[in-house]
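**Student:** Take this structure, written in structure tokens, and hold onto it; I'll ask about it next.
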Amino acid sequence: MDRVVVIGGGATAALAAIRLAERGLRVTVVEKAAAGNGSSSRSNAGIRAQFGVEATAIGMMYSEWWYARFHDLLATPDERRQPVIHQNGYLFLYEDPDQAAPPWQPSIRASAAAVWERGQRYAAMHRRIGLPVELLAPDAVHARWPHIAPDRLIGATYCPTDGFLEPHIILGEGYRRTRELGVEVLTQAEVIGATLRGGRIERIETTRGALEADWFVNATNAWAPRVSRRIGGMPLPIAPTKRYLYFLKMREPVMSAEAWAGQPMTIYGLGAGRGALSRPDGPQLCLAWAHETPPEPEFGDADQDRIDAPFHHERGIENYGYATLAQLADFAPRLADAGGLAATTSGFYGMTPDADPLIGRDTQQENLIHAAGFSGHGLMHAPITAVLVEAILCGDVADGRVALPAPFERHSITLATFDPGRDFASSHAEALVL
Ligand SMILES: Cc1cc2nc3c(=O)[nH]c(=O)nc-3n(C[C@H](O)[C@H](O)[C@H](O)COP(=O)(O)OP(=O)(O)OC[C@H]3O[C@@H](n4cnc5c(N)ncnc54)[C@H](O)[C@@H]3O)c2cc1C
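In this note's numbering, the protein residues as written are 18 to 451.
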């Protein structure tokens, strides 16, 4: 029986370990701290199939299906079955170019027009692959979600199978299931080196001793370049980049409790200067924005929760929290006015040059597979990542493609899209990075 060591203790490692153990492999998971030490417990937890790269859209269609059956697939005991996915949908709002900026700022208007044209093109692709994506006129958006003002909009796309996840349940039940399947989960075991022979990793060294195996999977996301370097692997172009979340505490109700809980993940425009998003998080509204921060390749664990001054909502109103709220106010003024910013949290994205993950074989060590660099999408990716890792490791690849399991067998994913050694100058860049 082949032995596999999966490095990392997040969602990717958990779901990959489950698949590999179900396949009959002997699996060990090695985590340097405790399960959930990384981004998996710091995420906005959105899940959407509305991506620009077709392979990702197909993969997320599978992930949504998988998470909707999570407890059955992981044999969760009945008394522990809490909802793990809320399929409230993802609503991408597109701004009317004439509203986006005054006539003397034509580039902002042009940007709003271009993203709306792209949004309609993507919706056509999504429908072709079988996603129930709707194109909505401004009045139809307002009729369904009365807190969204229609006058600012040119249209919207909505996919009802999208939504958001519960990361603590994915981690909790994921690691319960790994142990049930006989996976050894070693925590407080940092991978610090490796013994190499003939283009292969013979064993890895950890702070809790050496581990021999036939295969090694690097599932350490933002740490993956460092881990790869330590075990003789290729340089990985993953930039650990801080991202922040804001929490709006409501002073007064703006809709019924049912409407509140049913709010979709809503993206308030995608043109220049836009990209804020919100979703309900219990009684609060969770807000995010794809702001720019410099890469921190040598970040430490504590840096994950470090809130830099320009991002801290308590540092006056000159910070990204208020800038995010201002975007919400442009599209949903009643919602923005009824709450106050109550908290800021953060974590690291593992950004790649084209914003697509690196899933595939290392170019230096033939028994090393990377599954990392998920930008803001690793939690939703985890089920399809696990399928791809299993296929690569077990050789279930035909003509460079991996066929999806039933009921998606008419679909396949080209591994070249996610190959860690791909040429980023000519790869398909993901445009919808949130
Ligand atoms: C603010 C924010 C919002 C996000 N929003 C979303 C979203 O809406 N939807 C979505 O899908 N994703 C989102 N993400 C991204 C998502 O959280 C990550 O892509 C995903 O959690 C990555 O999971 P992972 O298991 O690959 O890595 P991680 O959860 O980061 O786990 C990696 C693990 O590797 C361990 N490790 C590191 N070095 C070593 C070593 N040398 N030896 C042993 N172990 C080691 C770490 O301790 C860590 O536990 C968001 C992220 C952030 C920060």
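Glycine residues also receive a C-beta, built at the ideal position from the N, C-alpha and C atoms.
The model shown is predicted, which means the values in this text are computed figures rather than measured ones.
With which residues is GLN301 paired in a DSSP beta bridge?
**Tutor:** Taking the sequence shown and counting its residues from 1, one reaches residue 301 at position 284. GLN301 pairs with ASP298.
**Student:** Using DSSP bridges, identify the partner residues of TRP232.
**Tutor:** Residue numbering aside, residue 232 sits at position 215 when the sequence shown is read from its first letter. VAL21, per the DSSP bridge assignment.
**Student:** Decide if GLY41 is buried, meaning its Cβ has at least 16 other Cβ atoms within 10 Å, or exposed.
**Tutor:** The residue given as residue 41 occupies position 24 in the sequence shown. That one is exposed.
**Student:** Less than 7 Å separating the Cβ of SER57 from some heavy atom of ligand 1?
**Tutor:** As a first step, residue 57 must be located in the sequence shown, where it is residue number 40. Yes.
**Student:** Using a 10 Å radius around the Cβ and a threshold of 16 neighbouring Cβ atoms, would you call ALA241 buried or exposed?
**Tutor:** For this step, residue 241 is matched to residue 224 along the sequence shown. When all chains shown are included, ALA241 counts as buried.
**Student:** Nearest to LEU262 by CA position, among GLY147, ASP379 and LEU358, is which residue?
**Tutor:** Reading the sequence shown from its first residue, position 245 is the one you call residue 262. Comparing Cα-Cα distances from LEU262 to each of GLY147, ASP379 and LEU358, the minimum goes to LEU358.
**Student:** Judging by CA-CA distance, which residue of PHE264, ARG243, ARG247 and ASN105 is the nearest neighbour of ILE255?
**Tutor:** The residue you call residue 255 lines up with position 238 of the sequence shown. Selected option, being the one with the closest Cα: ARG243.
**Student:** With distances taken from CA atoms, which of GLN122, ARG138, PRO114 and PRO370 is nearest ALA130?
**Tutor:** Indexing the sequence shown from 1 puts residue 130 at position 113. It is PRO114.
**Student:** From TYR111, ASP373, ALA353 and ALA403, pick the residue whose C-alpha is nearest to that of PRO437; which is it?
**Tutor:** Indexing the sequence shown from 1 puts residue 437 at position 420. When only C-alpha atoms are compared, the closest one is ASP373.
**Student:** Can you find the residues in the same chain that come closer than 7 Å, C-beta to C-beta, to PRO297, ignoring five residues on each side of it along the sequence?
**Tutor:** Within the sequence shown, the letter at position 280 stands for residue 297. TRP277, ALA278 and GLN280, listed in sequence order.
**Student:** Beta carbon of ILE324, beta carbon of SER363: below 8 Å?
**Tutor:** On the sequence shown, position 307 is the one that residue 324 refers to. On the sequence shown, position 346 is the one that residue 363 refers to. Yes, Cβ-Cβ distance for ILE324 and SER363 is below 8 Å.
**Student:** Tell me whether PHE109 is buried or exposed, calling it buried when 16 or more other Cβ atoms sit within 10 Å of its Cβ.
**Tutor:** Locating residue 109 in the sequence shown gives position 92, where the first residue counts as 1. PHE109 should be labelled buried.
**Student:** Can GLU407 and ARG36 be called in contact, C-beta distance under 8 Å?
**Tutor:** Here residue 407 corresponds to residue number 390 of the sequence shown, with the count starting at 1. Here residue 36 corresponds to residue number 19 of the sequence shown, with the count starting at 1. Yes, the pair counts as a contact, with Cβ atoms nearer than the cut-off.
**Student:** Could you give the DSSP three-state label for LEU170: helix, strand or coil?
**Tutor:** Taking the sequence shown and counting its residues from 1, the one referred to as residue 170 is at position 153. Strand, per DSSP.
**Student:** Tell me, please, which residues DSSP counts as bridged to LYS49.
**Tutor:** In the sequence shown, counting from the first residue as 1, residue 49 sits at position 32. BP columns for LYS49 are empty, so no partner.
**Student:** In its own chain, which residues sit with a C-beta less than 8 Å from the C-beta of ARG246, not counting the 5 before and 5 after it?
**Tutor:** Residue numbering aside, residue 246 sits at position 229 when the sequence shown is read from its first letter. Correct list, in chain order: PRO252.
**Student:** Out of ALA206, PRO424 and VAL44, state which residue places its alpha-carbon closest to the alpha-carbon of PHE233.
**Tutor:** Along the sequence shown, one-based indexing puts residue 233 at 216. Of the listed residues, the one whose Cα sits closest to PHE233 is VAL44.
**Student:** Between GLY393 and ligand 1, is there a pair consisting of the residue's CB and a ligand heavy atom that are separated by less than 7 Å?
**Tutor:** The residue given as residue 393 occupies position 376 in the sequence shown. Within the cutoff, so yes.
**Student:** ALA399: which of PHE87, LYS49 and ALA50 sits nearest, CA to CA?
**Tutor:** Within the sequence shown, residue 399 is the residue found at index 382, counting from 1. The residue with the shortest Cα to Cα distance from ALA399 is PHE87.
**Student:** Where DSSP assigns a beta bridge to GLY285, which residues make up the other side?
**Tutor:** The residue given as residue 285 occupies position 268 in the sequence shown. Contrary to the premise, residue 285 reads as Tyr rather than Gly in this sequence. Note: TYR285 sits in a beta bridge opposite LEU110 and ALA293.
**Student:** Does the beta-carbon of ASN54, which I'm using as the reference point, lie nearer than 7 Å to any heavy atom of ligand 1?
**Tutor:** Residue numbering aside, residue 54 sits at position 37 when the sequence shown is read from its first letter. Yes, the Cβ of ASN54 comes within 7 Å of a heavy atom of ligand 1.
**Student:** For the 8 Å Cβ check, are there 3 or more pairs between the segment 189 to 200 and the segment 120 to 127?
**Tutor:** Touching, no.
**Student:** Relative to the C-alpha of ALA206, which residue among HIS330, GLU48, ALA127 and ALA307 is closest?
**Tutor:** To locate residue 206, count along the sequence shown from 1; it is residue 189. Considering only alpha carbons, the answer is GLU48.
**Student:** Could you tell me whether any non-hydrogen atom of ligand 1 is closer than 7 Å to the CB of LEU375?
**Tutor:** For the purposes of this step, residue 375 is identified with residue 358 of the sequence shown, where counting begins at 1. Answer for LEU375: no, Cβ out of range of ligand 1.
**Student:** Helix, strand or coil: which one does DSSP assign to ILE64?
**Tutor:** Translated into the one-based positions of the sequence shown, residue 64 becomes position 47. Correct three-state label for ILE64: strand.
**Student:** Relative to the C-alpha of ALA211, which residue among LEU203, GLU229 and GLU201 is closest?
**Tutor:** Taking the sequence shown and counting its residues from 1, the one referred to as residue 211 is at position 194. Residue GLU229 is the option with its Cα nearest to ALA211.
**Student:** Quick one: what does DSSP say ARG260 is sitting in, helix, strand or coil?
**Tutor:** Position 243 of the sequence shown, counted from the first residue, corresponds to residue 260. ARG260: strand per DSSP, three-state reduction.
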